[in-house]
Amino acid sequence: MQFQNKTVLISGGASGMGLLCGQCFARQGANVVLADINEQALKEKTAEITAFGGKAAFAVCDVRDYAQVTAACETAVSVFGAVDILINCAGGAETRVLNHHEEFKDMPISVYDWGIDVNLKGQFYFDHAAMKQMAKQKQGVIINIGSITGEEGCSANVAYSTAKSGVMNGLTKSLARYGAQYNVRVVCVSPGPVLTRPGMASMKTLQGRAAQPQEVVDFILYLASDKAAFITGTNHFIDGGRYAMERG
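The sequence shown runs contiguously to residue 248 in full-length UniProt numbering.
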């Protein structure tokens, strides 16, 4: 129960790795606040966590709206009294989510706006709102989520790649520098292919497979814990060696 009495706020918490994070943190004793745009899923998943004895609340939130992001942080504080850990799981590749597959020059700019707003500004907004509370507390951990695509680039999901690159480098490093004075650590986890969708299995890695979601979540749990107290300002690939593969 290493997260007993800690409050964890998770964006994108109603599904995928965000939900798995919430379930795992709750089993480790944390108070969990799931933030997501899908209200029905939030209600169902929060009820499931409380049913197995976890402590959970939810906040309906579009990460593109700063007022809603701030309200999600305020929910965590009003219900559980703190925001000790923030996990930024909300995100997605714009061409897949919005079902647009034109080449770059023909893509509606609104598609790329969505990709940057959700994957970069959404994390920026949550980091900004949570940092206010963490500075008051004089402690906290922020975990941003990058992607191997932010390092490799992508000719299809250009906004996703651009946004993740900004999160992995500028955002994480800058906030680690700022947050140090308040005892706030900031790190980034950048997965390679993860079996949250069947299509991920086709991406090559040195280990010849994609990650199981639990493998990524276990790493997030470690970085959020006191065992990682000396880690801040860094991006961490968990990609089965894809970053080390030969190119070309």
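Glycine included, every Cβ here is placed at the ideal spot set by N, Cα and C.
No experiment lies behind these values; they were computed from the predicted model shown.
- Task: Rounded to whole angstroms, what's the CA-CA distance from isoleucine 143 to phenylalanine 104? Just pull it up for me.
- Result: Roughly 30 angstroms between the two C-alpha positions.
- Item | Nearest neighbour of residue 251, chosen from Arg247, Gly240, Ile87, Val60 [CA to CA] | There is simply no residue 251 to check, as the chain begins at 1 and stops at 248 in what is shown.
- Query: Which value, in whole angstroms, describes the spacing of the CA atoms of lysine 132 and glutamine 2?
  - Reply: Roughly 25 angstroms between the two C-alpha positions.
- Among Arg64, Asp106, Ala59, which residue has its Cα nearest to the Cα of cysteine 73? The shortest C-alpha separation from cysteine 73 is found at Ala59.
- Compare the C-alpha of glycine 115 against each of Ala130, Leu19, Gln137, Ala90 and name the closest. If we check each option's Cα against that of glycine 115, Ala90 comes out closest.
- Task: For the alpha helix (DSSP H) holding phenylalanine 126, just list the boundary residues, first then last.
- Result: Where phenylalanine 126 is concerned, the enclosing alpha helix (DSSP H) stretches over 122-137.
- Message: Please report the distance separating the alpha-carbon of tyrosine 182 from that of isoleucine 231.
- Response: Rounded to the nearest angstrom, the two C-alpha atoms are 15 angstroms apart.
- Task: Classify residue 256 as helix, strand or coil using the three-state DSSP reduction.
- Result: An answer regarding residue 256 cannot be provided, because it is not within the stretch 1 to 248 covered by the chain.
- Item | Extent of the continuous beta strand (DSSP E) to which aspartate 218 belongs | Counting along the chain, aspartate 218 falls outside any beta strand (DSSP E), though it belongs to the alpha helix (DSSP H) covering 213-224.
- On a CA-only basis, which of Cys188, Ala47, Asn38, Gly146 is nearest alanine 93? Give me that one, please. When each option's Cα is compared against that of alanine 93, the closest is Gly146.
- Task: Give me the Cβ distance between leucine 171 and phenylalanine 124, rounded to the nearest whole Å; I'm assuming they're in contact under 8 angstroms.
- Result: About 6 angstroms separates the beta carbons of leucine 171 and phenylalanine 124, which is inside the 8 angstroms limit, making them a contact pair.
- Task: Please name the residue in Ala135, Asp106, Gln68, Gly192 whose C-alpha comes closest to that of leucine 206.
- Result: It is Gly192.
- Query: Is the CB-CB distance between glycine 29 and glutamine 4 below 8 angstroms?
  - Reply: Contact flag set, yes.
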